[in-house]
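One structure is given here, and the rest of the page talks about it.
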Amino acid sequence: MRDDTGAGVRAVGEDGDGERRGLPEARVRGDGGKREYGGKPSGSASPGGHGRADPTGGGSSHGGPSGDGERRDAPREDGRRRGSPPAVGLRGVRVRFRSRQREVTALTDVSLDVAAGEFIAIVGPSGCGKSTLLKLLAGLLTPTSGEVLLHGEPVRGPRHDIGFVFQRAALLEWRSARRNILLQAEMRRMPGGRARRRADELIAMTGLAGFEDAYPHELSGGMQQRVALCRALLHQPPVLLMDEPFGALDALTREQMNRELNRVWRETGTTVLLVTHSISEACYLADRVVVMSPRPGTVTEVIEMGLAPERDYTQTMGRPEFARATSRVRALLGGARGN
């Protein structure tokens, strides 16, 4: 069974929608020449690139104010130097599940590269294999064909160098917020002093100061998800996988958590892959938005956001590139529903 605490991984037999699956027989393979929004080749990141594309046509964004007066940070380079391997690589991945009653192809022909420090959001219709992609990267599933890579190395089993945040916070009711965070350290046998110092850093970073000793029933849904995020980041994983972590929150709390996640990503430099059904959430948080087709899922299009890492929520919602990207995602998903 899967360990929903995010502190470890187990064998798995169901997809992100809770439907029981047979054992996978598969892997997944590339997008075969699909184009990014704006006419760029899609399907892979550019680990060697240093700038960010600006859909307004103004070129890469550098430090200093932009044309609309908003301060734009210099582009992140976290691990994107020429010659460094992608943090995440999918090569022609295909996943097929078999049971006694039927055979289901969940993913087909999926390829994607993600640079170190990049934030990728994955959107698509329910049942298209978004959660399956995350489980492949965590080593919880084996592809039927194709290759899954983390930092250039094939994923051949459960990985201990990733963090995983699920839709449910899955906190232990008899442990305080701090002790729920430190559960990760206990399972990984991290040195106690180091783990406690790291927990204190994360508690301060996520606004949990003053609630360290509170129990889950004393915390709001947003605070519980903050605890789950701290627990996933305690061991400083280079890659963080997030499967609909804010789906159960109300709109205002979700917006606040979007702001928090953007700040945590900038401060930690972690590579993030986020599965979400919220188009605005995907376009606000991500460097690139991966749009998937209905099952069998494949990459329909990769949309480059071209936004500075530090993003004011209200101002970002009003930017023309944000409006174009959200409209494009809606058009792609609307077309998918019509097929």
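Its first residue numbered 10, the sequence shown is counted upward by one per residue in my numbering. All C-beta atoms, glycine included, are put in the ideal place defined by N, C-alpha and C. Please read these numbers as outputs of a predicted model, since none were measured by experiment.
Query: Kindly indicate which three-state DSSP category M326 falls into: helix, strand or coil?; Result: helix
Query: Sort out for me which residues DSSP pairs D122 with in a bridge.; Result: G98
Query: Who are the Cβ neighbours of V164 in its own chain at under 6 Å, not counting the five residues just before and after it?; Result: G148, V157
Query: Can you check which of these residues, L238, V284, L228, is closest to E253 by C-alpha distance?; Result: V284
Query: Does F175 come out as helix, strand or coil in the three-state DSSP assignment?; Result: coil
Query: Whose C-beta lies closer than 8 Å to the C-beta of R187 among residues of the same chain, with five residues either side of it excluded?; Result: A208, I212, E221, D222
Query: Taking the C-alpha atoms as reference points, what is the distance between G216 and E290?; Result: 20 Å
Query: Nearest to R297 by CA position, among F128, E112, L341, P94, is which residue?; Result: F128
Query: Work out the CA separation of S120 and T307 for me, nearest whole Å.; Result: 8 Å
Query: Is the separation between the beta-carbon of L249 and that of V97 shorter than 8 Å?; Result: no
Query: Just checking L238 against the ligand ADP - is the residue's beta carbon closer than 7 Å to any of the ligand's heavy atoms?; Result: The model on display carries no ligand, and the ligand ADP is accordingly not part of it.
Query: For F255, which three-state DSSP category applies?; Result: coil
Query: Whole-angstrom Cβ separation of T277 and L242, contact assumed at under 8 Å?; Result: 7 Å
Query: Since M214 is in the alpha helix (DSSP H), which residue starts that stretch and which ends it?; Result: 201-214
Query: What are the boundary residues of the alpha helix (DSSP H) that includes R272?; Result: 260-277
Query: Per DSSP, R297 is paired with what?; Result: I129, E313
Query: A124 and T141: beta carbons closer than 8 Å?; Result: no
Query: For a test of the three-state rule: what should DSSP assign to L283, helix, strand or coil?; Result: strand
Query: To the nearest angstrom, how far is the alpha carbon of E227 from that of L181?; Result: 13 Å
Query: Got a sec, what are the start and stop residues for the alpha helix (DSSP H) G231 sits in?; Result: 230-242
Query: Distance check for T280 and S93, CA to CA, integer angstroms please.; Result: 14 Å
Query: Can you tell me the Cα-Cα spacing of T117 and L294, whole angstroms?; Result: 26 Å
Query: Spell out the partners DSSP gives S154 in its beta bridges.; Result: R103
Query: Taking DSSP's pairing of strands, which residues face T114 in a bridge?; Result: R105
Query: Between G136 and V104, which are expected to be in contact by the criterion C-beta below 8 Å, what is the C-beta distance as a whole number of angstroms?; Result: Not quite, the Cβ-Cβ distance comes to about 13 Å (not below 8 Å), so this is no contact.
Query: What does DSSP give as the partner residues of P318 in its beta bridges?; Result: DSSP, once it has assigned bridges, lists no residue as partnering P318.
Query: Comparing C-alpha positions only, which one of V311, Q193, R100 sits nearest to P387?; Result: Residue 387 lies beyond the stretch modelled for the chain, which goes from 10 to 348, so this question has no answer here.
Query: Within a Cβ cutoff of 7 Å, which residues of the same chain sit near Q265, ignoring the five residues on either side of it in sequence?; Result: G231
Query: At the level of alpha carbons, what is the spacing between G101 and R203?; Result: 40 Å
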